[in-house]
Each structure stands twice: as structure tokens, then as C-alpha cells.
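Residue numbers (the working numbering): 3 to 348.
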């Protein structure tokens, strides 16, 4: 018995070491990709110029000015938005026990986009700095609609009903959004590139407005990781363990709206990051959301920045918006995921 307990402790320490080492490697890879994001584009930048632009900026250097004013904000936005979308998607998957859940599939992204487009149409807003509050409001309303529809009828908000309600709400909001864009050419001109999902064309002021909401949402999710673990065991199990499931679900939903709303306000609606990244990291972490969320903080921006760099490379000197790249990669991933037995049996 003593030998068995000792072996279990050794196995636990080995698993902890493996997860920690893999997370550290992912962090190193993220640093490399972030540096590449500063260097790669229509104008090639050397590593020395990229580093100098950060530590001893010389305004007379054209290359350093490009890094400081264009690529640094783009990279920081990619880091923040990638982490936010991945963590929000993982939390939704754990809370709903639905492997297809993410902010876009459950209507939050569509709601945030609809809120921004409606505000542009009615209030003549023109700058992403003004979009944040309307993105939050739209995302929150969409989330409330999805949960209200899914909770109706026997059984409450089951994973399948949540996904179906999300599809209904997303389709409805997307059709209204399209109608607004067709009614007003000026609104279309303001938001058409933003709607494709892009990290380009934003300055640091936009990122700094959204940063407190991103940090609050990420910190809140990490603090709730244990509760999300319990929710992922099922409603009855969570209640038997003394959890007030309604309160926890409401708090997680509010944090998802914070993360998705801030992300959409800054970068536009970017899909599939919140869907794909949690499944990728579970290969290493297993179902423990304390590790899943920690990995999502690193792997989410790693994937998003990699997609952004790919979009710059494939169409030089022009570029493909990162939202288009993630959709091209994410659609086959969603098809493969939907074919898995565990999804088919939901």
C-alpha cells in the first residue's frame, strides 16, 4: 500500500513536470512568434531594428517607426485577443459540457458585432475606440437571448439546446446586421474591414481601452477554474457538491461577455480560436481546467499571431485578414470535431 501511494505521488510529480515544461516551451514559441510578428510584413525588418524599436526607439529610423507605430500595437492586440478568445471558449466548453461551444457559436461574437454596427448606423461612430461599450452590450444581450431560449422547456439549458439557440440567435443577428449594412453605404464603409476580423489598423489607444476588461476577464476565469472543473462534471454532481450553479454560470457568462466583447471591439469578430485552442491544449492537459485555461493563455495568442503572420505572407504586398485565415483553418477543424463519436452522442 505504501509503495502504491509512493508510486502515485511520483506519477503526479512527473505529470506536473511534463505539463509545466510543455507550457514553458509554448511560452518560448510565443515569444518567437511575437518577434516574427514585429519583423514580417510588406516591409522586412531586421531583428536588431525590431529590438531597438522596443528598447531604444529612434524616431528618425523608418524601420523602427514602422515597428513602434504599426506592428507593436498589432502584436499586442494579437496577444490579448488570442488569449481572451481561447480562455472564453474553454470556459464555455466546460460550463456547458459542449465541445462545440465558443463565443461565436453561442452568439456572443454576433451580438457584439451587431451592437457595434447598430451604434455606427445610429450614432455615426467611426473609430474602434468608440466600439467597446456597444460590443459589450450586444454580446450580453445575445448571451441572455441564447440562455433564455435554451432554458425554455423540459431539461433546461442542455448542451444541444444551447448550441441550437446560439445558431438561431447568431443567424437572426447576422441577418439584421446585413440589412443595416445594405441600408447605409457609410456604415458599410466604416465597418467592412473590421467585420472581416483584423489586427491591423489599430493603434495602442484602442488596445489600452480594452486592456482592463481583458485583464479582468482573464483573471476572473483563472480564479474560477476550480468551479468550472466542477461544472464540467454535470449539473447534478455540481449541486451535490454544494455549488450554487446558477451563480457560477452567470458569473462565467459575464466574464465570457467581457472577453468576447473586448476582443470584438478591438479586432472584429474572429471565429474558431475559442473552439480549436481548448481541444488542442487538452491533448497535453487532460480535462483539468486549471491547466486548460493556463495553456489557453499562451496557445491562443500563439495560434492567432501565427494566423496573422500567414495572412501577411500569402498575399504580399497586400494581406489576408486574420479572421479569414482562422475561418479557413477552423472550418475543417469543426467538421472533424463534429464527426467524433463523443459529439455525435450529445
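Just so you know, even glycine gets a beta-carbon here, dropped at the ideal spot from N, CA and C.
Taking 7 Å as the cut-off, the beta carbon of residue 313 is found closer than this to the beta carbon of residue 324. A direct Cα-Cα distance of roughly 25 Å separates residue 311 from residue 58. Counting along the chain, residue 153 sits inside the alpha helix (DSSP H) bounded by residues 134-153. About 5 Å separates the Cβ atoms of residue 168 and residue 148, confirming a contact at the 8 Å cut-off. Here the region 232-247 does not lie against the region 104-111, with fewer than 3 beta-carbon pairs under 8 Å apart.
An exposed status is given to residue 173, since fewer than 16 other beta-carbon atoms sit within 10 Å of its beta-carbon.
Straight across, the Cα-Cα distance linking residue 186 with residue 83 is about 29 Å. In the three-state reduction of the DSSP assignment, residue 262 falls in the helix class. Membership of residue 237 in the alpha helix (DSSP H) is indicated by the continuous run 237-242.
Residue 87 is a Cβ neighbour of residue 265, given a cutoff of 7 Å. Going by DSSP, residue 78 is part of the alpha helix (DSSP H) stretching over 74-98. When rounded, the separation of the alpha-carbon atoms in residue 33 and residue 268 is 22 Å. Three or more beta-carbon pairs separated by less than 8 Å are not found between the region 281-293 and the region 135-154, which leaves the two stretches without contact. Residue 199 is positioned such that its CB atom lies no closer than 7 Å to that of residue 101.
When the beta-carbon positions are compared, residue 182 and residue 123 come within less than 7 Å of each other. One thing to note: residue 319 has its Cβ within 7 Å of the Cβ of residue 44. Here the region 285-300 makes contact with the region 20-31; the two share three or more CB pairs at distances below 8 Å. The three-state secondary structure of residue 122, taken from DSSP, is helix. The beta carbons of residue 75 and residue 220 sit no closer together than 7 Å. Here residue 245 carries a coil assignment [DSSP, helix/strand/coil]. Around the beta carbon of residue 55, 16 or more other beta carbons sit within 10 angstroms, so the residue counts as buried. Less than 7 Å divides the Cβ of residue 303 from the Cβ of residue 85. Remark: C-beta atoms of residue 245 and residue 295 do not approach each other more closely than 7 Å. The beta carbons of residue 137 and residue 263 sit about 4 Å from each other, so the pair counts as a contact at 8 Å. Residue 36 is positioned such that its CB atom lies no closer than 7 Å to that of residue 300. Counting only residues of its own chain and dropping the five nearest sequence neighbours on each side, residue 232 has a CB closer than 7 Å to the CB of 240, 243, 245. Beta-carbon to beta-carbon, residue 42 and residue 315 are separated by about 7 Å, close enough to satisfy the 8 Å threshold.
Sequence-distant Cβ neighbours of residue 196 in its own chain, meaning closer than 6 Å and more than five residues away, are 270.
By the C-beta density criterion, residue 64 is exposed, having fewer than 16 other C-beta atoms within 10 angstroms.
With respect to residue 291, residue 96 sits close: the two C-beta atoms are nearer than 7 Å.
In the DSSP assignment, residue 209 falls within the unbroken alpha helix (DSSP H) covering 206-225. With a beta-carbon spacing of about 17 Å, residue 326 and residue 204 fall beyond the 8 Å limit used to define contacts.
Of the residues 27, 98, 142, the one whose Cα lies closest to the Cα of residue 236 is 98.
For the set 47, 61, 201, 247, the Cα lying nearest the Cα of residue 322 is the one of 201.
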